[in-house]
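Residues 27 to 655 (the numbering used here) are what the sequence shown spells out, left to right.
Every residue, glycine too, gets a C-beta built ideally from N, C-alpha and C.
Each remark here refers to the structure printed beneath this line.
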Amino acid sequence: MPHRAMLYAGCFVCLLLCAGCSSQEAPDASGSPAAAAAAAGRSDTSQTARVSDEEFRAAWEQRRASGNLKTARFPMRSDGPASLDPVRGSTMYENICASQILETLLQYKYFKRPFELEPLLLAEMPVCSDDGLTWRFRLRPDIRFHDDPCFPDGRGRTVTAADVFYSWKRLADTDTGSKSWWLLNGMIAGFDEFRETQNQAPQFDYDAEVPGLKIISDLEFEVTLTRPNQSFLWKLAMFQTAVVPREAVEKYGDQFGLRPVGTGPWILREGDWVQDVGIRFTRNPGYREVYFPTEFMPEDVEAGLTGGQGKRLPILDEIQVVFFKEDQPMWLQFRSGKLDYTQVPAENFRQAFNRRTGRLKREFRDQGMTGHAVPLLDFIFRAFNMDDPLLGGRSDKSRYLRQAICLALDWDEQNDAFYNGMNVVYDGVIPPGLPGHPEGGRSEHSYRGRDLERARKLLAKAGYPEGHGLPTIDYYTSRGGNGKEQTEMLTRQLSDLGITVKAHLLDFSQLIQKVNNRSAQFFSFAWASDYPDGENNLAIFYGPNASPGSNHFNYSNPEYDALYEQIVAMPPGEERTAIYERMQAILMEDCPYAGSMARTRYYIVTPQLKNFKPVETFSNWFKYLDVER
Numbered sequence: 027m028p029h030r031a032m033l034y035a036g037c038f039v040c041l042l043l044c045a046g047c048s049s050q051e052a053p054d055a056s057g058s059p060a061a062a063a064a065a066a067g068r069s070d071t072s073q074t075a076r077v078s079d080e081e082f083r084a085a086w087e088q089r090r091a092s093g094n095l096k097t098a099r100f101p102m103r104s105d106g107p108a109s110l111d112p113v114r115g116s117t118m119y120e121n122i123c124a125s126q127i128l129e130t131l132l133q134y135k136y137f138k139r140p141f142e143l144e145p146l147l148l149a150e151m152p153v154c155s156d157d158g159l160t161w162r163f164r165l166r167p168d169i170r171f172h173d174d175p176c177f178p179d180g181r182g183r184t185v186t187a188a189d190v191f192y193s194w195k196r197l198a199d200t201d202t203g204s205k206s207w208w209l210l211n212g213m214i215a216g217f218d219e220f221r222e223t224q225n226q227a228p229q230f231d232y233d234a235e236v237p238g239l240k241i242i243s244d245l246e247f248e249v250t251l252t253r254p255n256q257s258f259l260w261k262l263a264m265f266q267t268a269v270v271p272r273e274a275v276e277k278y279g280d281q282f283g284l285r286p287v288g289t290g291p292w293i294l295r296e297g298d299w300v301q302d303v304g305i306r307f308t309r310n311p312g313y314r315e316v317y318f319p320t321e322f323m324p325e326d327v328e329a330g331l332t333g334g335q336g337k338r339l340p341i342l343d344e345i346q347v348v349f350f351k352e353d354q355p356m357w358l359q360f361r362s363g364k365l366d367y368t369q370v371p372a373e374n375f376r377q378a379f380n381r382r383t384g385r386l387k388r389e390f391r392d393q394g395m396t397g398h399a400v401p402l403l404d405f406i407f408r409a410f411n412m413d414d415p416l417l418g419g420r421s422d423k424s425r426y427l428r429q430a431i432c433l434a435l436d437w438d439e440q441n442d443a444f445y446n447g448m449n450v451v452y453d454g455v456i457p458p459g460l461p462g463h464p465e466g467g468r469s470e471h472s473y474r475g476r477d478l479e480r481a482r483k484l485l486a487k488a489g490y491p492e493g494h495g496l497p498t499i500d501y502y503t504s505r506g507g508n509g510k511e512q513t514e515m516l517t518r519q520l521s522d523l524g525i526t527v528k529a530h531l532l533d534f535s536q537l538i539q540k541v542n543n544r545s546a547q548f549f550s551f552a553w554a555s556d557y558p559d560g561e562n563n564l565a566i567f568y569g570p571n572a573s574p575g576s577n578h579f580n581y582s583n584p585e586y587d588a589l590y591e592q593i594v595a596m597p598p599g600e601e602r603t604a605i606y607e608r609m610q611a612i613l614m615e616d617c618p619y620a621g622s623m624a625r626t627r628y629y630i631v632t633p634q635l636k637n638f639k640p641v642e643t644f645s646n647w648f649k650y651l652d653v654e655r
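Structure, rendered in structure tokens:
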């Protein structure tokens, strides 16, 4: 998902989803689903004194009556989400907001590194058959949808297995505006055939059976895959697979994305989402009994992040998320005490951090603030629309043109000018820290610049010597942050090759819309890995995932697609990594993108915000936070 954005250098290793997992496997340290099930399935209330519903709600009512609600203010560096309907969401901004209201079967353990999954809507981790094909699930019996007028008497009902399958089937229904079918494409037995049949029918039948989706009881179900799949469990923690009630979708129709109903710790009240301004999340008074985590890393204890132990979730009463199209207003609001944390804009990095040591400066430390560096599993790129008649296609002429453009761009200059030289510039599409990332960040197959001599030769081979005869290229990017200045650099670098660029700076929501409808010729944003496996980044070039799916490049190469279909069923190991390397070599030769770069995001957290461990791989962490004013 272009979003958000995530480079967990070396130390962040993915949960290995072995093909032959089963309930008979003993827990070990390998990171297998069986090991994760044993670790994650433990009750988080094992060392916690129970807080009853009555006590929990009474404390909230008392704070509300006294006007002393626990309220936090967080920034969002965009014009906000376009929709909170999970099937329509694709950006990090939609992920952040939707994840507070809607919930998935699995979630990431908040404090654990390397990342591990644990049950969220499930009673325990799913169990896999010996052949790696059939997964069995059991829902918690106390999961209820938010109270909402879509239900009889306005009272939210219990979530059932049918709700899970209904929610996933919405991804298959093209009338929903789904952007994320790519997540399940080819994965579940009979699901692709169901999708094709129902979308050709006069009316989509959500009650039609799918061979790979079997309801056992209201709370139990099975999913049969077409083949073992390494990414299946990771995808069950992605907000696009969140569970929603059919009653709400049918009542609100196209407006469901503006007034979502879910099971999460927060609700969205009418009038609390103001486009381009901000969004307010209010505590769900009927949220089930869940407690603060009891598993921590040693550094979390040292940093004092464990103060929420024993507290029932969510801890805060409301959260105000403020949208910032530009970075400087965000920075100024933080400096004036109006935000509880901030991401540090590159332009302000040296005001806040020592560039040599990476340490927060004394001015901020003396105010009790803490600084955090969060390496991102990040893929920053410039993208070619492979459907475009000039830049796209697989002819030698268009490929030479793309290669020339790639060689003209100077990523090191961009890194130094806009990121204080703190980013990692690399070849390929797999971020540092993941198998398949090239050693030292360099590959012999790369066309990453800057090499103007070689670029000029390729431009001439493309039929445009010194740029003569080449039409102006339309370039699209976000107007936020330093987008204008970065675009000016790109325009200057390409002009050295005789290439003229017309820049179009858009709000991010407009940019992603233009990319999704395949009308952006040349564009830029960042892809944040949805889960810590290079397969996720390789999936965004898989032909069947073309826009509005994750393949925004609209790239298609039969050899590449065949290799991708091979790796999804392979267990991690040297053979799989070797195929990752081969796939990246194909991409680097075809050049559907120019890149790459991975960021480290710097955060400053105020002393009044408690329990905050900055992370961008997942977004449902609002429920763990507290404020003391």
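Next item on the list: Taking 8 Å as the cut-off, decide whether the C-beta atoms of Phe567 and Tyr581 are in contact.
Entry: yes
Check: For Leu358, does the count of other Cβ atoms within 10 angstroms reach 16, so buried, or fall short, so exposed?
Finding: exposed
Item checked: Contacts around Pro640, its chain only, beta-carbon distance under 7 Å, and the 5 residues preceding and following it disregarded -> For Pro640, same chain residues with a beta-carbon under 7 Å away, outside a window of 5 residues either side, are His398, Val400 and Tyr629 in chain order.
Next item on the list: Starting from the Cα of Trp647, find the closest Cα among Trp292, Glu514 and Glu585 and give me that residue.
Entry: Trp292
Next item on the list: Please name the residue, chosen from Phe534, Leu146 and Ile242, that lies closest to Lys135 on a Cα-to-Cα basis.
Entry: Cα-wise, what sits closest to Lys135 is Leu146.
Notebook entry, point to check: In whole angstroms, what separates the C-alpha of Glu591 from that of Phe177?
Noted result: 42 Å
Next item on the list: Would you mind sorting Lys636 into buried or exposed? The rule is 16 or more other CB atoms within 10 Å of its CB.
Entry: buried
Check: Can you round the beta-carbon distance between Glu246 and Phe163 to whole angstroms, since I take them to be within the 8 Å contact cut?
Finding: About 7 Å; that satisfies the 8 Å criterion.
Margin query: At the level of alpha carbons, what is the spacing between Ala61 and Gln133?
Written below: Residue placement at Ala61 cannot be trusted, given a pLDDT of 37 that sits under 50; the coordinates are not used to answer.
Notebook entry, point to check: Do you know whose CA, among Ala443, Met515 and Asp522, lies nearest Ala481's CA?
Noted result: Ranked by Cα distance from Ala481, the options Ala443, Met515 and Asp522 are led by Asp522.
Item checked: Own chain, CB closer than 7 Å to Asp302, minus 5 neighbours either side, in chain order -> Asp105, Gly106 and Phe349
Margin query: Which same chain residues end up closer than 8 Å to Leu95 when comparing Cβ atoms and leaving out the 5 residues on each side of it in sequence?
Written below: Arg89, Asp343 and Glu344
Check: What do you reckon, are the CB atoms on Leu484 and Ala565 nearer than 8 Å?
Finding: no
Next item on the list: Go ahead and pull the three-state DSSP assignment for Gln126.
Entry: helix
Margin query: What does DSSP give as the partner residue(s) for Lys138 in the beta ladder?
Written below: For Lys138, which the question treats as bridged, DSSP gives no partner whatsoever.
Check: First and last residue of the beta strand (DSSP E) that includes Met623?
Finding: Tyr619 to Ala624
Margin query: Quick check on Val653: does DSSP put it in helix, strand or coil?
Written below: Three-state result, Val653: strand.
Next item on the list: Taking only the alpha-carbon atoms, compute the straight-line gap between Arg420 and Gly569 and give it to the nearest angstrom.
Entry: One C-alpha to the other measures close to 13 Å.
Notebook entry, point to check: What did DSSP end up calling Ile293 once you bin it into helix, strand or coil?
Noted result: When secondary structure is reduced to three states using DSSP, Ile293 falls in the strand class.
Note to self: Whole angstroms are fine: how far does the CA of Arg385 sit from the CA of Glu465?
What the structure shows: 28 Å
Notebook entry, point to check: In whole angstroms, what is the alpha-carbon distance linking Thr97 and Trp86?
Noted result: Between Thr97 and Trp86, the C-alpha separation is close to 12 Å.
Margin query: Is the separation between the beta-carbon of Asp404 and that of Pro457 shorter than 8 Å?
Written below: In contact: Asp404 and Pro457 (Cβ atoms closer than 8 Å).
Margin query: Just to confirm the assignment: which complete beta strand (DSSP E) runs, minimum length 3, are found wholly within the segment 433-506?
Written below: Qualifying beta strand (DSSP E) stretches, in chain order: 499-504.
Item checked: Three-state secondary structure (DSSP) of Val541 -> helix
Check: Are the CB atoms of Phe220 and Val236 nearer to each other than 8 Å?
Finding: Taking the C-beta atoms as reference points, Val236 is found nearer than 8 Å to Phe220.
Check: What is the DSSP secondary structure of Thr332, counted as helix, strand or coil?
Finding: It is coil, neither helix nor strand.
Check: Which two residues bound the contiguous alpha helix (DSSP H) that contains Phe177?
Finding: Unbroken run through Phe177: none, as it is neither H nor E.
Notebook entry, point to check: Considering only the beta carbon of each residue, do Gly462 and Gly621 sit closer than 8 Å?
Noted result: no
Checklist line | DSSP-derived helix/strand/coil call for Phe551 | finding: strand
Note to self: Quick test of your reading: Gln224 and Ala234, contact by CB under 8 Å. State the CB separation rounded to the nearest angstrom.
What the structure shows: 6 Å
Note to self: At the level of alpha carbons, what is the spacing between Phe137 and Trp299?
What the structure shows: 30 Å
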